[in-house]
Amino acid sequence: MPELPEVETIARGLASRVTGDVIESIWLGRKPEPLKSPAAEIAATVENTRIATVRRVGKHIVFDLERVGRTLTSVKGRQLNSPHKAAAAAADPAAADPAAHAHWIVHLGMTGRLQVCDAQSEILKHTHAILKLASGRELRFVDPRRFGRLSVARDGAFDATGIEPLDIDLDRFIALFRGRKTPIKSALLNQKLLRGVGNIYADESLFRAGIRPRRRAAAITRDQLAKLFAAVREVLKEAIALGGSSISDYVGADGEEGFFQLQHRVYGREGDPCLVCKTPIKRIVIAGRSSHYCPKCQQ
Ligand SMILES: [Zn+2]
103 MPELPEVETI ARGLASRVTG DVIESIWLGR KPEPLKSPAA EIAATVENTR
153 IATVRRVGKH IVFDLERVGR TLTSVKGRQL NSPHKAAAAA ADPAAADPAA
203 HAHWIVHLGM TGRLQVCDAQ SEILKHTHAI LKLASGRELR FVDPRRFGRL
253 SVARDGAFDA TGIEPLDIDL DRFIALFRGR KTPIKSALLN QKLLRGVGNI
303 YADESLFRAG IRPRRRAAAI TRDQLAKLFA AVREVLKEAI ALGGSSISDY
353 VGADGEEGFF QLQHRVYGRE GDPCLVCKTP IKRIVIAGRS SHYCPKCQQ
């Protein structure tokens, strides 16, 4: 499942490819699972809009859309260079259109992918949405396992829970864990606290901070939480930096290309020697998720 750094990489890749392009129409498949908003609402929101930006919010990819269709029609015939253009646009009924600023939101789930391709490109199995772009290209959502979700929101109505781990400051980070009796690993994965930190980066951060995943969040000292804060940011930033090299593979190609991943120090290394002290890495299950740690380096 893509975590924060992968979603960030994908969002940046998409931004570089489709910003400024206009969504002319959308085709949605018949499978109901990928549609978190009703199909008609998705179509009404995204059609005839310009993609203003593409950004990551938590593990969501958010396309910020500006309506173009009706505004262009009603402005047509007016002097485009007129100094009154701005005033005319402001008085335009389309300017008050609630869909004038809207968002198309994609959650990739386990296996979701966004493809930017020529309209002639073969349509892959498990394609659930095709957006026709004015540039002649198409933006397609492909998801074999159908855990991904497509939705739309009006301006301001989209607010993912939790705080961005790369935006938060140390005091707010520490406050997140105050009084929490859950294992620190579970708290890190709780999307209502921090957005976008998943299993791999939680394990890697706890290793770098020297904290065992099962420790109760509330019992961890301020100094240790400060180390964890630094570790989470370091791990995410390193992974984002590495991800840059795989942008084209992921969003452009039709293959199953993965990411150039961070060298894992504990994740997936059960029984292998710790890279620091050579103690075999342990794997335990916390709240149904595998957790990997070094029993010597992490206390
Ligand atoms: Zn160790």
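Residue numbering for the sequence shown follows this note's numbering, starting at 103 and increasing by one per position.
We treat Cβ as the ideally placed atom computed from N, Cα and C, and that holds for glycine.
{"Check": "Verify whether the separation of the beta carbon atoms of A311 and L338 is less than 8 Å.", "Outcome": "no"}
{"Check": "When you compare each of R324, R251, E240, I153 to K274 by their alpha carbons, which one comes out closest?", "Outcome": "Residue identity differs from the one stated: residue 274 is Arg in this sequence, not Lys. That would be R324, whose Cα lies nearest to the Cα of R274."}
{"Check": "List the endpoints of the continuous beta strand (DSSP E) containing F165.", "Outcome": "162-169"}
{"Check": "Would the stretch 229-244 and the stretch 201-217 be scored as touching if the rule is three or more Cβ pairs under 8 Å?", "Outcome": "yes"}
{"Check": "DSSP three-state call for K384: helix, strand or coil?", "Outcome": "strand"}
{"Check": "Mapping the DSSP letters down to three states, classify A389 as helix, strand or coil.", "Outcome": "coil"}
{"Check": "Verify whether the separation of the beta carbon atoms of I125 and L226 is less than 8 Å.", "Outcome": "no"}
{"Check": "Where do the ends of the alpha helix (DSSP H) carrying F309 lie?", "Outcome": "301-311"}
{"Check": "Going by DSSP, what residues sit across from R152 in a beta bridge?", "Outcome": "V124, E168"}
{"Check": "Within 10 angstroms of the Cβ of D257, are there 16 or more other Cβ atoms? Answer buried if so, exposed if not.", "Outcome": "exposed"}
{"Check": "Label E110 either buried or exposed according to how many other C-beta atoms from any shown protein chain fall within 10 Å of its C-beta, with 16 as the threshold for buried.", "Outcome": "buried"}
{"Check": "Between C219 and ligand 1, is there a pair consisting of the residue's CB and a ligand heavy atom that are separated by less than 7 Å?", "Outcome": "no"}
{"Check": "Which first and last residues belong to the beta strand (DSSP E) in which S139 is found?", "Outcome": "No beta strand (DSSP E) contains S139, which DSSP labels as neither H nor E."}
{"Check": "Under 8 Å, with one C-beta from each stretch per pair, do the stretch 119-133 and the stretch 144-155 reach the 3-pair mark?", "Outcome": "yes"}
{"Check": "Residues in its own chain within less than 7 Å of A262 by CB, not counting five upstream and five downstream?", "Outcome": "V159, G160, H162, R297"}
{"Check": "Could you give the DSSP three-state label for R158: helix, strand or coil?", "Outcome": "strand"}
{"Check": "Hey, which residues come within less than 6 Å of ligand 1, measuring from Cβ to any heavy atom, in chain order?", "Outcome": "C376, V378, C379, T381, C396, K398, C399"}
{"Check": "Can you tell me the Cα-Cα spacing of A333 and I232, whole angstroms?", "Outcome": "39 Å"}
{"Check": "Mind checking who K234 pairs with in its DSSP beta bridge?", "Outcome": "S127, E240"}
{"Check": "Rounded to the nearest angstrom, how far is the Cβ of T414 from that of A328, given a contact under 8 Å?", "Outcome": "Not covered by the structure: residue 414. The range shown for the chain is 103 to 401."}
{"Check": "Cα-Cα, which of H228, H209, D220, L308 is closest to M103?", "Outcome": "H209"}
{"Check": "Which of the three DSSP states, helix, strand or coil, is assigned to V337?", "Outcome": "helix"}
{"Check": "Go ahead and label C399 buried or exposed: buried means 16 or more other beta carbons lie within 10 angstroms of its beta carbon, across all protein chains shown.", "Outcome": "buried"}
{"Check": "Which term fits L272, buried or exposed, when burial requires 16 or more other beta carbons within 10 angstroms of its beta carbon?", "Outcome": "exposed"}
{"Check": "When you compare each of A113, E105, Y369, G390 to Q207 by their alpha carbons, which one comes out closest?", "Outcome": "The identity of residue 207 in the sequence shown is Ile, whereas the question assumes Gln. That would be A113, whose Cα lies nearest to the Cα of I207."}
{"Check": "Taking all protein chains shown into account, do 16 or more other C-beta atoms lie within 10 angstroms of the C-beta of P397, making it buried, or fewer, making it exposed?", "Outcome": "exposed"}
{"Check": "If you reduce the DSSP assignment to three classes, tell me which class D220 lands in.", "Outcome": "strand"}
{"Check": "With C-beta atoms as the reference, is V368 less than 8 Å away from I386?", "Outcome": "no"}
{"Check": "Around the C-beta of D220, are 16 or more other C-beta atoms found within 10 angstroms, so that it is buried, or is it exposed?", "Outcome": "exposed"}
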